[in-house]
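Residue numbers (the working numbering): 19 to 99.
See structure below.
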Amino acid sequence: MSEPTAIFSIYDDKDKEIKAILTDVYRALKEKGYNPINQLVGYILSEDPTYITTYQGARANIRRIDRDDLLQVLLKNYLGE
């Protein structure tokens, strides 16, 4: 009897990485006293990194994520996909 084929998806790893980065950026913004949702929306709409604090490397981290990938992950999670 053969083992079932394991399905590997690079997208699952990418989604997890994006979620981890977004969580860290959210936390850094909150710790600095910003409204993280407003700041992240501003960044997503404008792609202007100054919306994100440099505290704890948050700005450098958020720039590692392609904006299209970020939006896809956010929509997938919001819609429960």
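Virtual Cβ for every residue (Gly too), placed ideally from N, Cα, C.
- At least 8 Å separates the beta-carbon of ILE39 from that of ASN95.
- In the displayed model, PRO67 falls within a helix according to three-state DSSP.
- DSSP places ASN53 in the coil class of the three-state scheme, outside both helix and strand.
- Cα atoms of THR72 and ALA46: separation of roughly 9 Å, rounded to the nearest angstrom.
- By the Cβ-count criterion, ILE55 is exposed, with fewer than 16 other Cβ atoms from all chains shown falling within 10 Å of its own Cβ.
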